[in-house]
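Heads up: the structure comes next, in structure tokens.
In this note's numbering, the protein residues as written are -13 to 170.
Encoded structure:
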């Protein structure tokens, strides 16, 4: 099963991000993007790829260990951008204007506990973002990202979730298979 560890924002934050997605979708080139469904918007802390039952149990154990190291904290959703950059956009995202360092700290703690449980090191540095969509052909989105109102909402990060991802024709389907409450 394909697994990842993530933080899912509450529905109000997902709705704010979805408004930005809808505004971007309505711009020139918006139909050349695979847009993420509102309920699937999340911060991926670590993609774990294919895992068996033992891998799932180890990932959940690692998540619970990491969650104990940090209390709940507030983040502020804000700003729009693209990876690798807005001139050759492949991924369109909403970022954080507050709380990014706390989320990075949580991701670093998770990396340490995952390593203890035998998972390989992350292949890139964690950069907090909600993926809004994936651009099929790299393009310049600078003006569209600049002109689109960014989502602005604050929320508490209270838990990590372990998610099973199933690829489907209508988009990915996510099922939460475990959770880890922060500070517990």
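Don't be surprised by glycine CBs; every beta carbon is placed ideally from N, CA and C.
Subject >> Closest by C-alpha distance to residue 87, when choosing among -11, 153, 156 and 62 >> reply: Here residue 87 refers to the residue found at position 101 of the chain shown. If we check each option's Cα against that of residue 87, 62 comes out closest.
Original post:
If you scan the region 37 to 99 from start to end, which runs of the beta strand (DSSP E) of 3 or more residues do you find wholly inside it?
Top reply: 59 to 69 and 75 to 84
Original post:
In terms of residues, what are the limits of the beta strand (DSSP E) holding residue 117?
Top reply: Within the chain shown, the letter at position 131 stands for residue 117. Per DSSP, residue 117 belongs to the beta strand (DSSP E) from 116 to 125.
Original post:
Rounded to whole angstroms, how far is the Cβ of residue 103 from the Cβ of residue 44, which I believe are closer than 8 Å?
Top reply: Mapped onto the chain shown, residue 103 falls at position 117. Mapped onto the chain shown, residue 44 falls at position 58. Yes, residue 103 and residue 44 are in contact; Cβ-Cβ is about 4 Å, under 8 Å.
Original post:
What separation, rounded to the nearest whole angstrom, lies between the Cα atoms of residue 84 and residue 164?
Top reply: Translated into positions along the chain shown, residue 84 becomes position 98. Translated into positions along the chain shown, residue 164 becomes position 178. Roughly 27 Å separates the two Cα atoms.
Original post:
Within 10 angstroms of its Cβ, does residue 130 collect 16 or more other Cβ (buried), or is it exposed?
Top reply: On the chain shown, position 144 is the one that residue 130 refers to. Residue 130 sits buried, since 16 or more C-beta atoms from the chains shown fall within 10 Å of its C-beta.
Original post:
From the DSSP output, which residues share a beta bridge with residue 34?
Top reply: Within the chain shown, numbered from 1, the residue matching residue 34 stands at position 48. According to DSSP, residue 34 bridges with nothing at all.
**OP:** Please say whether residue 93 and residue 112 have beta carbons closer to each other than 7 Å?
**Re:** Taking the chain shown and counting its residues from 1, the one referred to as residue 112 is at position 126. Taking the chain shown and counting its residues from 1, the one referred to as residue 93 is at position 107. In contact: residue 112 and residue 93 (Cβ atoms closer than 7 Å).
Subject >> Local conformation of residue 138 per DSSP, three classes >> reply: Walking along the chain shown from the start, residue 138 turns up at place 152. In the structure shown, residue 138 adopts coil according to DSSP, grouped into three states.
**OP:** Look up residue 165 in the DSSP assignment and give the residues it is bridged to.
**Re:** To locate residue 165, count along the chain shown from 1; it is residue 179. According to DSSP, residue 165 bridges with 147.
Subject >> CB-CB length for residue 138 against residue 2, believed under 8 Å >> reply: Indexing the chain shown from 1 puts residue 138 at position 152. Indexing the chain shown from 1 puts residue 2 at position 16. At roughly 7 Å, the Cβ-Cβ gap stays under 8 Å, so residue 138 and residue 2 are in contact.
Original post:
Below 7 Å between beta carbons: does that hold for residue 75 and residue 21?
Top reply: By one-based count along the chain shown, residue 75 stands at place 89. By one-based count along the chain shown, residue 21 stands at place 35. Not a contact, by the Cβ cut-off of 7 Å.
**OP:** Determine the contact status of residue 117 and residue 10, defining contact as a CB-CB distance below 7 Å.
**Re:** Position 131 of the chain shown, counting from 1, holds the residue named residue 117. Position 24 of the chain shown, counting from 1, holds the residue named residue 10. Not a contact, by the Cβ cut-off of 7 Å.
Original post:
What does residue 20 pair with, by DSSP beta-bridge criteria?
Top reply: Counting from 1 along the chain shown, the entry for residue 20 is found at position 34. DSSP lists 120 as partners of residue 20.
Original post:
Looking at the unbroken beta strand (DSSP E) that takes in residue -12, where does it start and where does it end?
Top reply: Walking along the chain shown from the start, residue -12 turns up at place 2. Residue -12 -> beta strand (DSSP E) spans -12 to -7.
**OP:** Compute the minimum distance between the beta carbon of residue 7 and the heavy atoms of the ligand NAD, and state whether it is under 6 Å.
**Re:** Judged by which ligands are present, the structure shown has none, so any question about the ligand NAD falls away.
Original post:
Would you say residue 181 and residue 81 are within 7 Å of each other, going by their C-beta atoms?
Top reply: Residue 181 lies beyond the stretch modelled for the chain, which goes from -13 to 170, so this question has no answer here.
Original post:
Considering only residues of the same chain and omitting the five flanking positions on each side of residue 141, which have a CB-CB separation below 6 Å?
Top reply: Position 155 of the chain shown, counted from the start, is the residue given in the question as residue 141. So the qualifying residues of the chain are -5, -4 and -1.
Subject >> Nonlocal neighbours in the same chain, by C-beta distance under 7 Å from residue 110, ignoring five residues either side >> reply: To locate residue 110, count along the chain shown from 1; it is residue 124. The answer is none, since no qualifying residue turns up.
Original post:
Do residue 146 and residue 46 have their CB atoms nearer than 7 Å?
Top reply: Stepping through the chain shown from its first residue, residue 146 is reached at position 160. Stepping through the chain shown from its first residue, residue 46 is reached at position 60. Contact: no.
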